[in-house]
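All remarks here apply to the structure that follows.
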Amino acid sequence: MTASSSIREYFGRGEVITNAAADETVALWKSGKKEPGSRFVVGVLGTINHLCPIDPLFKTLACLLKTEPELRNTIRIMHVGHCDADMVRAQASLYELGDLIDLKGYLERKTAIRTLVQADLLYLSVHRFEEYNILPGRIFDYLVSGKPVLGIIPADSDAATLIGEYSQGAAFRHDEIEKAAAYIKRMFEKRSAIGNAGGIHDPGLIASAMADQYALVLNRLQDGEP
């Protein structure tokens, strides 16, 4: 059993059973309501680093605001998690986005999800690690949020596959910034419909369902089946 297709490819065999969101996460996404009249919020959950960078989001928003400058006063970036705050602010300033960032810092998991209930769109980016792909656990929290996910990720990655498989947003390559910017604009135009759509999920994405899949595989092995 492997947790991603990249690992399966490395070993040359195996059955992929991904990680999952904790069962309580769906309820957490439903625990609040989007504040009426508030800004369009792009939420970012988890550690920002060279493996999960925020720079592609800055590039995308800069591209959007270049053609739609009137949106500047209505957009906000909210990050919850570890990061080098000075570095992130410096990166944002390069794109003239420093005034749009709200860095909450690390919050306990339940508080982090409740904070991001205010998000209209969730952002995910991963770099390719050599020839293999990284699948951050935060994607499963995203996929049960009921909110659209903007993925700026390798096209053949497990993350891109999951976003497409569950119709929970859109994935773009790192060289498709203009397309990603157009997607944000579309989600902005739909924000009244998606802002409070928390906790819509596929039952197969929660931990108890994944545990059932593991149990089936273990039962097969116990019975001597491949």
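Heads up, the sequence shown stops at 950 in my numbering, and the numbers go up one at a time, no gaps. Glycine included, each C-beta is placed from N, C-alpha and C at the ideal position. Values in this document were obtained by computation on a predicted structure and should not be read as measured data.
Check each candidate in Asp823, Ile863, Ser891, Gly822 and name the one with the smallest Cα separation from Cys776.
-> Nearest of Asp823, Ile863, Ser891, Gly822 to Cys776, Cα basis: Ile863.
Ile887 and Ala904 look like a contact to me (Cβ under 8 Å); what is the Cβ gap, rounded to whole Å?
-> Incorrect: roughly 13 Å between the Cβ atoms, too far for contact.
Which one or two residues does DSSP pair with Ser881 in a beta bridge?
-> DSSP lists no beta-bridge partner residue for Ser881.
State the start and end residues of the unbroken beta strand (DSSP E) segment that holds Lys828.
-> If you look at Lys828, you'll find it in the beta strand (DSSP E) that goes 825 to 829.
Selection from Pro860, Leu781, Phe764 that minimises the alpha carbon distance to Tyr847 = The shortest Cα separation from Tyr847 among Pro860, Leu781, Phe764 belongs to Leu781.
Candidates Leu789, Asp899, Val765, Leu752: closest to Lys914 by CA position | Looking at the Cα atoms, Val765 is the closest of the given residues.
Does the count of Cβ pairs from the segment 748 to 758 and the segment 781 to 797 closer than 8 Å reach three?
-> Because the criterion of three Cβ pairs below 8 Å is not met, the segment 748 to 758 and the segment 781 to 797 do not touch.
Quick one, which of Asp844, Glu794, Arg833, Leu827 has its alpha-carbon nearest Ala892's?
-> For the sequence presented, residue 892 should be read as Gln rather than Ala. When only C-alpha atoms are compared, the closest one is Asp844.
Name the residue from Gly805, Tyr890, Ala895, Ser817 whose alpha carbon lies nearest to the alpha carbon of Asp880.
-> Of the candidates Gly805, Tyr890, Ala895, Ser817, the one whose C-alpha sits nearest the C-alpha of Asp880 is Ala895.
Can you give me the start and stop residues for the beta strand (DSSP E) that Val841 sits inside?
-> Per DSSP, Val841 is not a residue of any beta strand (DSSP E), being assigned neither H nor E.
Determine the closest residue to Glu794 out of Arg763, Asp779, His898, Asp826, with distance taken between C-alpha atoms.
-> Ranking the options by Cα distance to Glu794, first place goes to Arg763.
Tell me whether Asn797 sits in a helix, a strand or coil according to DSSP, three-state version.
-> Collapsing the DSSP output to three states places Asn797 in a helix.
Of the residues Gly861, Thr835, Cys807, Asp779, which one's Cα is nearest the Cα of Leu818?
-> Ranking Gly861, Thr835, Cys807, Asp779 by Cα distance to Leu818 puts Asp779 first.
Out of curiosity, what's the CA-to-CA distance linking Asp826 and Met802?
-> So the two alpha carbons sit approximately 5 Å from each other.
DSSP state of Tyr866, grouped into three classes?
-> In this structure, Tyr866 counts as helix in the three-state DSSP scheme.
Alpha helix (DSSP H) segment containing Ile908, residue limits | 901 to 913 is the extent of the alpha helix (DSSP H) around Ile908.
Going by CA-CA distance only, name the one from Pro760, Gly761, Leu769 that's closest to Leu867.
-> Checking every option, the nearest Cα to that of Leu867 belongs to Leu769.
Status (buried if at least 16 other CB within 10 Å, exposed otherwise) for Ala816 = Under this definition Ala816 is a buried residue.
Among Asp865, His806, Glu820, which has the Cα closest to the Cα of His774?
-> Ranking Asp865, His806, Glu820 by Cα distance to His774 puts His806 first.
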